[in-house]
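In UniProt numbering, the protein residues as written are 1 to 289.
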């Protein structure tokens with residue numbers, strides 16, 4: 001079906017709408033649709049509202065209960081459920097098992113983000129990125145900080161209390177087509193080493209709530225002891241782009257307790273389009289639409 005305007009949509013014929021428009025336009029469009037029909041969004045238009053969860057299927061499923069609060073607060077028949085920024089996705093996914101078992105306290109991350117993550121507007125010109133690194137992405141670092149703390153937070157009394165974790169990042173654009181690579185340093189409250197981290201990810205693979213859903217990968221996490229992994233060219237299609245790959249895991253002596261590692265996450269699959277489909281499958285399983 002082709003439509004020229006949201007006004008042309010017959011929302012009575014729809015159970016769910018996927019929204020993938022730019023944030024300025026998304027605010028009005030998603031508000032209009034959510035009054036009648038649930039919306040899963042890749043935009044930031046609603047991410048930072050108090051009654052709106054930022055959902056990653058399998059990571060903070062309990063936050064989905066906030067959708068009922070949102071409907072009541074806004075007198076909507078539907079809701080808006082945004083995914084995080086694609087850079088936040090891989091970071092939050094890899095931090096969750098460490099945060100739960102070892103009490104992550106501080107995180108320092110440097111991203112090496114693919115060209116495709118810049119979108120169509122403003123995008124990245126070939127002249128700017130060829131043989132080059134762009135050391136600044138507007139607003140990205142603030143998004144990573146706010147979203148990571150919210151995703152790892154807990155739902156209490158109808159709102160999310162941010163996780164007590166310090167998050168700092170440097171976000172860069174590199175000449176890679178698809179997939180974000182991130183170098184992460186994390187300080188933990190408890191003693192941790194690479195084998196303990198590997199066990200935490202292995203346990204998470206067995207316990208992940210999205211297992212068996214059509215878009216879910218066989219393994220949510222891939223842990224490599226090979227120091228040359230992950231690499232975008234090799235790892236972008238692992239789990240059809242839905243697996244988050246972790247490597248270069250080493251004990252970090254800058255902290256009393258801590259690790260450093262490198263992660264790879266597919267920005268257009270788990271971090272966006274197919275991640276939105278997996279979220280829809282997860283919310284449908286929960287009876288949210």
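Heads up, the beta-carbon is just placed ideally off N, CA and C, and yes, glycines get one too.
Rounded straight-line distance, which links the Cα of residue j to that of residue i
i: residue 116; j: residue 123; result: 8 Å
i: residue 137; j: residue 190; result: 33 Å
i: residue 12; j: residue 149; result: 36 Å
i: residue 37; j: residue 88; result: 27 Å
i: residue 90; j: residue 268; result: 12 Å
i: residue 252; j: residue 186; result: 8 Å
i: residue 110; j: residue 228; result: 18 Å
i: residue 177; j: residue 93; result: 22 Å
i: residue 209; j: residue 141; result: 29 Å
i: residue 73; j: residue 50; result: 11 Å
i: residue 100; j: residue 199; result: 13 Å
i: residue 156; j: residue 62; result: 10 Å
i: residue 39; j: residue 25; result: 14 Å
i: residue 169; j: residue 212; result: 34 Å
Buried/exposed call for residue i, threshold 16 Cβ in 10 Å
i: residue 195; result: exposed
i: residue 243; result: buried
i: residue 18; result: exposed
i: residue 126; result: exposed
i: residue 8; result: exposed
i: residue 96; result: buried
i: residue 139; result: exposed
i: residue 215; result: buried
i: residue 236; result: buried
i: residue 135; result: exposed
Per DSSP, the bridge partner or partners of residue i
i: residue 180; result: 265
i: residue 247; result: 262
i: residue 221; result: 244
For residue j and residue i, believed in contact at Cβ under 8 Å, the rounded distance
i: residue 147; j: residue 47; result: 7 Å
i: residue 160; j: residue 66; result: 7 Å
i: residue 247; j: residue 230; result: 5 Å
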